[in-house]
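This report concerns only the one structure given below.
Numbering (my numbering), first residue to last: 53 to 293.
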């Protein structure tokens, strides 16, 4: 890999000419064919989200989150009312357009405008959303907005023991960058954090892969995919090295 060299003969990073910090993500919905990603509104979303999460009788979807399952809709609504007013993390509800009901949440977080870095996190998909086209489209819509706003780096972090999250990151086209050991203490236990990212120069090829996967012709009459997203993103990850 070649680098710029300063007057002292030292390698330095490539220039970022005309850099201006991007704006904060707006509180505006992102609409796709399968879902709408909307700023969390407890009055509209809390009841649906609590009902959808309650389908997970064992609470498995909360294992790697910072909070535990909620005992009642009232408790969930109280949490949502606090979460909805924050700017970082900025919570969104993922609404299935087929049903009109919220079935999951995700946030923009650790928003570093000065350096053009933003993370997607606090992802909690109910059983109604998991392994659906809407679930994938929601991640595409959030990534697309971040890069269209001018962010240079889009991050995904998770507990290194969360195999499902690690697999999802790779499927979605994130490059694994390493392991931060003993990075977090939560729920009274250690978390080694796996780091992933997509950077702006990788976005055009990844956007094309998402576009091909989300195209109507990629799904049969029963809604089954013809070409998997992993088959489209794996070559991109391999090319990055």
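Ideal Cβ positions, reconstructed from N, Cα and C, are used throughout, including at glycine.
Exercise for review: Identify whether residue 136 lies in helix, strand or coil by the three-state DSSP scheme.
Suggested key: Within the chain shown, residue 136 is the residue found at index 84, counting from 1. In this structure, residue 136 counts as coil in the three-state DSSP scheme.
Check your understanding: Per DSSP, what kind of secondary structure is residue 102 in: helix, strand or coil?
Key -> To locate residue 102, count along the chain shown from 1; it is residue 50. Residue 102: helix per DSSP, three-state reduction.
**Study point:** residue 88 to residue 186 span [Cα, whole Å]
**Key:** On the chain shown, position 36 is the one that residue 88 refers to. On the chain shown, position 134 is the one that residue 186 refers to. The alpha-carbon atoms of residue 88 and residue 186 are separated by roughly 8 Å.
Practice item. Could you check which residue in 276, 283, 229, 272 has the C-alpha nearest to that of residue 293? Key: Locating residue 293 in the chain shown gives position 241, where the first residue counts as 1. Closest option to residue 293, Cα to Cα, is 229.
Check your understanding: Which value, in whole angstroms, describes the spacing of the CA atoms of residue 234 and residue 217?
Key -> Position 182 of the chain shown, counted from the first residue, corresponds to residue 234. Position 165 of the chain shown, counted from the first residue, corresponds to residue 217. Spanning the two alpha carbons is a distance of roughly 18 Å.
Practice item. Using alpha carbons as the reference points, say which of 160, 244, 248 lies closest to residue 211. Key: Mapped onto the chain shown, residue 211 falls at position 159. Taking only the C-alpha atoms, the option nearest residue 211 is 244.
Point to revise | Own chain partners of residue 104 with C-beta closer than 6 Å, once the 5 adjacent residues on each side are dropped | key: As a working note, residue 104 is residue 52 in the chain shown. The answer, listed in chain order, is 155, 178, 180.
Point to revise | Simplified DSSP assignment, three categories, for residue 209 | key: Position 157 of the chain shown, counting from 1, holds the residue named residue 209. The answer is strand: DSSP assigns residue 209 an E or B state.
Check your understanding: Taking the alpha-carbon positions, what's the residue 149 to residue 60 distance?
Key -> For the purposes of this step, residue 149 is taken as residue 97 along the chain shown, with counting starting at 1. For the purposes of this step, residue 60 is taken as residue 8 along the chain shown, with counting starting at 1. Roughly 58 Å between the two C-alpha positions.
Review point. Grouping DSSP H, G and I as helix and E and B as strand, with all else coil, what is residue 252?
Key: Here residue 252 refers to the residue found at position 200 of the chain shown. Helix at residue 252.
Point to revise | residue 227: first and last residue of the uninterrupted beta strand (DSSP E) it sits in | key: Your numbering for residue 227 matches position 175 in the chain shown. Element bounds for residue 227: 227-238.
Review point. Should residue 184 go down as buried or exposed, given a rule of 16 or more other Cβ atoms within 10 Å for buried?
Key: Stepping through the chain shown from its first residue, residue 184 is reached at position 132. Label assigned to residue 184: buried.
Point to revise | Residue of 120, 107, 133 minimising C-alpha distance to residue 97 | key: For this step, residue 97 is matched to residue 45 along the chain shown. Nearest option by C-alpha distance: 133.
Practice item. Under 6 Å Cβ to Cβ from residue 66, same chain only, skipping five residues before and after it: list those, please. Key: Looking up residue 66 in the chain shown gives position 14. Cβ within range, chain order: 56.
Point to revise | Proximity below 9 Å, CB of residue 248 to CB of residue 227 | key: Stepping through the chain shown from its first residue, residue 248 is reached at position 196. Stepping through the chain shown from its first residue, residue 227 is reached at position 175. Yes, the Cβ-Cβ distance between residue 248 and residue 227 is below 9 Å.
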